[in-house]
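Scroll down for the structure; my scribbles are underneath it.
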Amino acid sequence: MPPKKKPGKGKKAADTPEPDHAGDEQEKTPVNTSASLFSAVSEVERKVVKPPNQLDLTEEELSTEILTVLKSANPQAPKSIVRYDFNEQCFKPEAMVDQFTIHYRTDGWLLHKESEEGKQQIEAKKKEEAAIEDFKAAISKATEADEQEAKQYRNQFNFTERAAQTYNQGTRDRMAATEPPTVLTYSGSTTQWDIYDAYMKDQAAQQLQNESRSMRTRAGSDKKKAGDGGDDASKQKEKGKDIMHTEEMSAAAKITERVLNQNTNEDITQDFKYWNDQADKFRENEGTLLPLWKFVNDKTKKRNVTSICWNPEYPDMFAVGFGSFDFTKQGRGMICCYSLKNPSFPEFMLYTESGVMCLDFHPQQSSLLACGLYDGTVQVYDIRNKVRTPIFQSTARTGKHTDPVWQIFWEEADLNKWMQFYSISSDGRVTLWTLTKAELLYEDIMELQPHAQALASVEADSAQFSRLESGCCFDFNRLSDHLFIVGTEEGVIHKCSKSYNSQYLENYTEHGMSVYAVKWNPFLSTVFLSASADWQVKVWDHNHSKSLYSFDLNAPVADIAWAPYSSTVFAAISSDGKVLVYDLKMNRNQPICEQKISKKPRLTKVCFNPHSPVLLVGDERGCVTSLKLSPNLRKALDTEESKDNKAQADNMKQIVEIALKQQ
1 MPPKKKPGKG KKAADTPEPD HAGDEQEKTP VNTSASLFSA VSEVERKVVK
51 PPNQLDLTEE ELSTEILTVL KSANPQAPKS IVRYDFNEQC FKPEAMVDQF
101 TIHYRTDGWL LHKESEEGKQ QIEAKKKEEA AIEDFKAAIS KATEADEQEA
151 KQYRNQFNFT ERAAQTYNQG TRDRMAATEP PTVLTYSGST TQWDIYDAYM
201 KDQAAQQLQN ESRSMRTRAG SDKKKAGDGG DDASKQKEKG KDIMHTEEMS
251 AAAKITERVL NQNTNEDITQ DFKYWNDQAD KFRENEGTLL PLWKFVNDKT
301 KKRNVTSICW NPEYPDMFAV GFGSFDFTKQ GRGMICCYSL KNPSFPEFML
351 YTESGVMCLD FHPQQSSLLA CGLYDGTVQV YDIRNKVRTP IFQSTARTGK
401 HTDPVWQIFW EEADLNKWMQ FYSISSDGRV TLWTLTKAEL LYEDIMELQP
451 HAQALASVEA DSAQFSRLES GCCFDFNRLS DHLFIVGTEE GVIHKCSKSY
501 NSQYLENYTE HGMSVYAVKW NPFLSTVFLS ASADWQVKVW DHNHSKSLYS
551 FDLNAPVADI AWAPYSSTVF AAISSDGKVL VYDLKMNRNQ PICEQKISKK
601 PRLTKVCFNP HSPVLLVGDE RGCVTSLKLS PNLRKALDTE ESKDNKAQAD
651 NMKQIVEIAL KQQ
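According to UniProt numbering, the residues represented by the sequence shown are 1 to 663, in order.
Rendered as structure tokens:
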């Protein structure tokens, strides 16, 4: 391109405008200085600024099209996932892997004005603006009205100076002046126990006020009934009746009753504390049981003892559940709480709509008592309440069992969790119940599938059985809280876990009839005990499908219990009225004590006292008999080994090793 010529001095930088078509006279325009400045700037050399590391590409490279492909496969997805197949007992690669990935995502805040939500916002904005305009108009009108009202007109014919319009304070006599009130600075501190004591005093004062008010109203009503001619003797009589029904009189009567029972049964009280069978010195591997008190009353004579449970806080208190194991003799149930200090009458009694089948006290909150009924209901009572109604109760809407509940087990409370307990029923469900503030929630942690289905292959899903196994009993491992065993009416014992609720970890099939009780050893967490209607009591190691020891009692075994002071001692009761105590350390073939407690009524439940050498045995006639163990039956209790859990576990391990070598 040829270079542009710069305009010189004195020359025109622009041409003159053309003449108008209307024939006006042509006029010459003066020199335009701004146009000359623009042309001078445009001739400055222009340069493109590039970064030093920019690539220099040719025209061919710039015109080349690069194909970009968006694939559905996720390059970051793992390619070597394997899962364990329980049916084939091996790990298998997972074919289906989640390929979902997000390339770009943005959350917008704009709305289309024709959309429904956009129209709503526009309408709301218009209403808001209209309201603001109305408010401003109302304020302006109010201010104008105030200004008009506040305008004053001075009387021009009655003018006074401003200095004469001041207000003079009224005079006051000095004798009428008073001293100012004294001001004090008060400070103090308070604590949680001070607040608690203040609330307790206030509650006691309110109770006293309510009692006095009720006494006044009662006296007034009695006065109206008797008329004005009542004598002083009747008033004294009514006053005496009120005194007899106070809490102080009730506490005094309870203490008096215990003192009278202690004096009446003084010989039994002395035996409970000091009796030791001297004949045990001449018998090495034999012992006896001394009958102590019998806990029975007229209201429970026709009911079966279905459950016995000791209170974890008070070692002398235990609860007894009454119902019926015969489905043709069902009626109302009862719960009686007895104390060893008063065997003549229970501390309190509760009535239920159906027979009570199981009981359990909470290990930390000793006042909470959970029970399972024959109709499938589970209830929770607070025995501190004077009103004997359950604080929680399951219904058909909240997962109530459809068959009798045979056992209940409290889970140890966690500070971060609600209180929970488990239940097992003949409907084949092992259920977890949670106590919330408002209701009782449930969750089925296991459904007892039949044994044949549990061992089936992958094709078992197409051949489901029409019913579940009937659970009779269960027990949770003290060391591994996720592990528990279940006894069924079919005679099979299942080892289960909370983590795998779809199948069993192990099956133990040596029993031929219903399993009535299963108990983990309190010292060695791998050993458990089972009792069945096939007359057998078996000792198991949960790592082996065959039993370690088996004992034949020649009668159906109703219940079993491990001793709390020894890992090798356990008790069993049979339906023919016998109590048998075994010590595997002394004799692994025969019981060291076999004693007949009752002739006619069959025994139903047995339970050790966790603190004293006392055994409780219940029968089918509503009687609970307490028995004291002789020295040969509680040797471990008199030694330091009973306090050493490791030594007790080692004793049981030796017995297990001997049994495994003999198999």
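Glycine included, C-beta positions come from ideal geometry on N, C-alpha and C.
Here the structure is a predicted model, which is why all the values come from computation and not from measurement.
Beta-bridge partners of residue i, as assigned by DSSP
i: M419; result: L435
i: E447; result: R429
i: N342; result: S339
i: H494; result: V486, N507
i: N304; result: G323
i: V518; result: S530
i: Q379; result: C371, Q393
i: V606; result: V617
i: C358; result: G372
i: S626; result: L616
i: Y314; result: Looking at the DSSP assignment, Y314 forms no beta bridge with any residue, so it has no partner.
i: T352; result: G333
i: F409; result: Y422
i: D552; result: Q536
i: F474; result: V486
i: Q595; result: V579
i: Y442; result: W433
i: K141; result: Beta-bridge pairing links K141 to no other residue.
i: V557; result: S574
i: K294; result: T625
i: D541; result: V527
Under 7 angstroms between C-beta atoms of residue i and residue j
i: P613; j: L629; result: yes
i: I308; j: K605; result: yes
i: P346; j: C336; result: yes
i: V579; j: I560; result: no
i: E510; j: S470; result: no
i: C472; j: E447; result: no
i: I573; j: L603; result: yes
i: L441; j: F392; result: no
i: M410; j: D360; result: The amino acid at residue 410 is misidentified as Met; the sequence shows Trp. The answer is yes: Cβ separation under 7 angstroms.
i: M316; j: S339; result: Position check: residue 316 holds Asp in this sequence, whereas Met was assumed. Contact flag set, yes.
i: N276; j: M586; result: no
i: A77; j: Q99; result: yes
i: A533; j: S545; result: no
i: residue 680; j: L468; result: The shown model of the chain, from 1 to 663, leaves out residue 680, and the question about it has no answer.
i: S530; j: P556; result: no
i: F318; j: A370; result: no
i: N554; j: W535; result: yes
i: V492; j: H451; result: yes
i: G399; j: L633; result: no
i: R384; j: S367; result: yes
i: T256; j: Q262; result: no
i: K294; j: T625; result: yes
i: L483; j: Y565; result: no
i: P363; j: E412; result: yes
Nearest-angstrom Cβ-Cβ length linking residue i and residue j, presumed shorter than 8 angstroms
i: F528; j: I485; result: 6 angstroms
i: V380; j: G372; result: Contact flag wrong, Cβ pair sits at about 11 angstroms.
i: S426; j: P404; result: 6 angstroms
i: L289; j: C593; result: 6 angstroms
i: L524; j: S567; result: 6 angstroms
i: G618; j: V305; result: 3 angstroms
i: G622; j: F325; result: Going by Cβ atoms, the distance from G622 to F325 rounds to 13 angstroms, so no, they are not a contact pair.
i: K341; j: R218; result: Not a contact, Cβ separation roughly 34 angstroms.
i: E439; j: T431; result: Their Cβ separation, rounded to whole angstroms, is 15 angstroms, which puts E439 and T431 out of contact at 8 angstroms.
i: V97; j: I81; result: 6 angstroms
* Asked: Would the region 111–125 and the region 79–99 be scored as touching if the rule is three or more Cβ pairs under 8 angstroms?
  -> Between the region 111–125 and the region 79–99 there are fewer than three C-beta pairs closer than 8 angstroms, too few to call the two in contact.
* **Secondary structure, beta strand (DSSP E): runs of 3+ residues fully inside the region 562–593** => Qualifying beta strand (DSSP E) stretches, in chain order: 569–574, 578–583.
* Asked: Quick check: the region 293–313 against the region 325–342, are there 3 or more CB pairs under 8 angstroms?
  -> These segments touch.
* Touching by the beta-carbon criterion (3+ pairs, under 8 angstroms), the region 496–507 and the region 532–540 -> With a cut-off of 8 angstroms, the region 532–540 and the region 496–507 do not count as touching, because too few Cβ pairs lie within range.
* Does the region 121–140 come within contact of the region 88–108, defined as at least 3 CB pairs closer than 8 angstroms? -> Judged by pairs of C-beta atoms under 8 angstroms, the region 121–140 does not touch the region 88–108, as fewer than three such pairs exist.
* Asked: In the region 52–120, which residue ranges form an unbroken alpha helix (DSSP H) of at least 4 residues, counting only runs that do not cross its ends?
  -> Taking only runs of at least 4 residues, the alpha helix (DSSP H) segments lying wholly in the region 52–120 are 59–63.
* Could you pull out every unbroken alpha helix (DSSP H) segment of at least 4 residues lying fully inside the region 234–291, listed in chain order? => Contiguous alpha helix (DSSP H) elements confined to the region 234–291 occur at 247–264, 266–274, taking only those with 4 or more residues.
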